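S.K.: Positions in the sequence shown are counted from 1; adding 14 to them yields this note's numbering. Ideal Cβ placement from N, Cα and C applies to all residues, glycine included. Predicted, not measured: the structure shown is a model, and the values here were computed from it. Before I ask anything, let me first share the structure, which is written out below as structure tokens.
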Amino acid sequence: MASVNKVILLGNCGRDPEIRYLPSGQAVANISIATTSRRKDKNTGENIESTEWHRVTFFDKLAEIVGEYVKKGNPLYVEGRLKYGKFTTKEGHEQNTCDIVADSMQLLGSRQGSGEPSAPRQQATPAQRPAAAKPASGFEDMDDDIPF
Numbered sequence: 015m016a017s018v019n020k021v022i023l024l025g026n027c028g029r030d031p032e033i034r035y036l037p038s039g040q041a042v043a044n045i046s047i048a049t050t051s052r053r054k055d056k057n058t059g060e061n062i063e064s065t066e067w068h069r070v071t072f073f074d075k076l077a078e079i080v081g082e083y084v085k086k087g088n089p090l091y092v093e094g095r096l097k098y099g100k101f102t103t104k105e106g107h108e109q110n111t112c113d114i115v116a117d118s119m120q121l122l123g124s125r126q127g128s129g130e131p132s133a134p135r136q137q138a139t140p141a142q143r144p145a146a147a148k149p150a151s152g153f154e155d156m157d158d159d160i161p162f
């Protein structure tokens, strides 16, 4: 049976990224992302706003990009997976953690005043993908007009 562990977040960066390097040289970046939901209370009619904070971890080249481009307050789109863990505090209490390990990220909004996207989508671009060979079908020189 197949399974899926996928998270999509669209929110604002809550703090500047913390970048560190593992002994292997692998870059790791950590940020927090705030997502907000709004609903109307049925009894009072008031709008209720609820903010959730998510810890997100980036690795390798994506971590370096996050360290360079992401700042507190930036709107972000992040895709990744959930990772659960446990640790013991100094007092001996066991704590559970839930992190998102990011696979891709896209900065939303624009650079200050330029109207251009802040950074390209952090996935393989057509220039980075290997070129696929075109199959020789013999129809390359035909007109695009369809007779019906």
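Helix or strand or just coil, what does DSSP make of D113?
M.R.: Here D113 sits in strand by DSSP.
S.K.: What does the alpha-carbon distance come out to for the pair D55 and N61?
M.R.: If I take the Cα positions, the gap works out to 6 Å.
S.K.: Pick out whichever of A16, V21, E105 has its Cα sitting closest to the Cα of S118.
M.R.: The shortest Cα separation from S118 among A16, V21, E105 belongs to V21.
S.K.: Taking a contact to mean a Cβ-Cβ separation below 8 Å, would you say A28 touches K86 in this structure?
M.R.: It is Gly, not Ala, that sits at residue 28 in the sequence shown. In contact: G28 and K86 (Cβ atoms closer than 8 Å).
S.K.: In this structure, how does DSSP classify L23 when only helix, strand and coil are distinguished?
M.R.: L23 falls in the strand class under three-state DSSP.
S.K.: Is it true that the stretch 78 to 85 meets the stretch 97 to 115, where meeting means three or more beta-carbon pairs spaced less than 8 Å apart?
M.R.: Not touching, per the Cβ criterion.
S.K.: Label N19 either buried or exposed according to how many other C-beta atoms from any shown protein chain fall within 10 Å of its C-beta, with 16 as the threshold for buried.
M.R.: Exposed: under 16 other Cβ atoms inside 10 Å.
S.K.: By Cβ distance, which residues of its chain are closer than 6 Å to F101, with the 5 residues on each side in sequence left out?
M.R.: If we look at F101 and ignore the five residues flanking it on each side, its Cβ neighbours are Q109.
S.K.: Just checking my contact of E66 with T49 at CB under 8 Å: how many whole Å lie between their CB atoms?
M.R.: About 5 Å separates the two Cβ atoms, so the contact holds.
S.K.: Kindly indicate which three-state DSSP category A138 falls into: helix, strand or coil?
M.R.: The predicted position of A138 is uncertain, since its pLDDT is 38 and thus under 50; a value taken from the coordinates is nonetheless stated next. DSSP places A138 in coil when its eight states are reduced to three.
S.K.: Which complete alpha helix (DSSP H) runs does the stretch 53 to 104 hold, if anything under 4 residues is left out?
M.R.: If we require 4 residues or more, the alpha helix (DSSP H) runs fully inside the stretch 53 to 104 come out as 74 to 83.
S.K.: Please report the Cβ distance between A116 and V92, rounded to the nearest whole angstrom; I am assuming they are in contact, meaning their Cβ atoms lie under 8 Å.
M.R.: Right, their Cβ atoms sit about 5 Å apart.
S.K.: Comparing alpha-carbon positions, which option in P89, T58, I79 lies nearest L122?
M.R.: For L122, the nearest C-alpha among the options comes from P89.
S.K.: Can you tell me the Cα-Cα spacing of K75 and Y98, whole angstroms?
M.R.: Roughly 23 Å between the two C-alpha positions.
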